[in-house]
Amino acid sequence: PTTSTTTTSSMSQQSSCDRLAALRTAMAAADGGRGVHAYIVPTEDPHMSEYSPDCFKRREFISRFTGTAGTAVVTTEQALLWTDGRYFLQATQELSKQWTLMRAGTPGCPDLEDWLASNLPAGGRVGIDPLVHTVDSVRRLQRKLQDAGMELVVLGGGNLVDEAWGAARPAAPPTPLRVHPLEWAGAGVASKLSGLAGSIKAAKADLLVVAMLDEVAWLTNLRGADVAHNPVFLSYAAVSAEGGATLYVDAHKLSGDVSAHLKESGVAVRPYASFLPDVRAAAGAGQAVWLDPSKVSYAVYQAAKEGAEGGAGGDGA
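Letter by letter, the sequence shown follows residues 53 to 369 in this note's numbering.
Okay, here's the thing in structure tokens:
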């Protein structure tokens, strides 16, 4: 693991008190004014990345802890950070006095879910952004809270840290893509899609969701620079049982060479923001959507579930 040594101006303009106060204001107004008693801010971004572009470094923004592993919990009165032994020293140096370091894996330190179940008031409400939690993690947390008489509130209207961050939050990176040569890729995109199509059919599915950035880069034989020191780019892919695929990426990142490469490979291009609506539409059209619950965000699962139920919605897992 490595740590970030870059401090952007947008992360240094507010004090820790100011950031926590702004987040708590957003927490009080969440869910139509019903509010939440706690809000969970993981390291992960919508692609479950360990390393993220600056616009997704929400846990770093709210806590100022720059390690690459850790989860923050902000309640109406407390702010806590869980991280492992690799980062204890770093966390003690970076966290302000408003924060409590939870030394994960050490005697006497409860798991995050257990702490919430034991420390929130009766009927406590815990808020999450479904884009940055996997399906599996949401289900585990949901069971733990329900057993304690508490409620998990899936907030689909945007990340509350973004409200606290405001206009200072960095924009999504605009870096262009490049084609990864076949001599280094080892296999062409069409060959990869053909192999996946067989697996999709064997699973009795119609559409495979690919959400992790390294997997999208491998599948499409493309590379980017949206994350420092990592050749990946913000994107999703959806692979059809019929062998075609769609890449969800912002069009301004595509050069003529990249566009030609994708067309030749049988890969269509759609805007990044169209991914969730398209998953919902595919499920609504009767397609079986295949996703990995340990890697894909709960928001993707929600979109597929809502589509399959005819847009009825619902947050159940």
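Heads up, the beta-carbon is just placed ideally off N, CA and C, and yes, glycines get one too.
Which residues bound the alpha helix (DSSP H) around TYR350?
-> 350 to 360
Could you tell me whether the Cβ atoms of THR227 and ALA263 are closer together than 7 Å?
-> no
Touching or not, the region 287 to 299 and the region 312 to 321, by the rule of three or more beta carbon pairs under 8 Å?
-> yes
Look at the alpha carbon of GLY157 and the alpha carbon of LEU183, and state the distance between them as a whole number of angstroms.
-> 26 Å
CA nearest to the CA of VAL291, picked from TYR324, ALA337, ARG275 and ALA257 = Cα-wise, what sits closest to VAL291 is ALA257.
Look up PRO182 in the DSSP assignment and say whether it is helix, strand or coil.
-> helix
With 16 other CB atoms within 10 Å as the buried threshold, where does LEU234 fall?
-> exposed
In whole angstroms, what separates the C-alpha of VAL231 from that of PRO98?
-> Straight-line Cα distance between these residues: approximately 24 Å.
In the structure shown, what three-state DSSP assignment does GLU203 receive?
-> strand
Does the separation of the CB atoms of LEU133 and ALA124 fall below 7 Å?
-> yes
Which partner residues does ILE92 have in the DSSP bridge list?
-> VAL125
Around the Cβ of GLU361, are there at least 16 other Cβ atoms within 10 angstroms (buried) or fewer (exposed)?
-> The residue in question, GLU361, is exposed, as its Cβ has fewer than 16 Cβ neighbours within 10 Å.
Endpoints, beta strand (DSSP E) assigned at SER292 = 288 to 292
What residue does the beta strand (DSSP E) around VAL262 start on, and which one ends it?
-> 259 to 262
Determine the contact status of LEU265 and SER101, defining contact as a CB-CB distance below 7 Å.
-> yes
For the putative contact between TYR353 and VAL187, defined by C-beta atoms under 8 Å, what is the C-beta separation to the nearest angstrom?
-> 5 Å
CB-CB length for LEU212 against LEU204, believed under 8 Å = That pair is no contact at about 15 Å.
Report the rounded CA-to-CA distance for THR313 versus GLY84, giving the unit in angstroms.
-> Residue identity differs from the one stated: residue 313 is His in this sequence, not Thr. Cα to Cα, HIS313 sits roughly 46 Å from GLY84.
According to DSSP, what are the bridge partners of MET154?
-> TRP134
Given THR152 as reference, the closest of ALA143, GLY160 and PRO159 once Cα atoms are compared | That would be ALA143, whose Cα lies nearest to the Cα of THR152.
Taking contact to mean at least 3 C-beta pairs separated by less than 8 Å, is the region 76 to 83 in contact with the region 102 to 110?
-> no
Considering only residues of the same chain and omitting the five flanking positions on each side of PRO225, which have a CB-CB separation below 6 Å?
-> PRO105 and ASP278, listed in sequence order.
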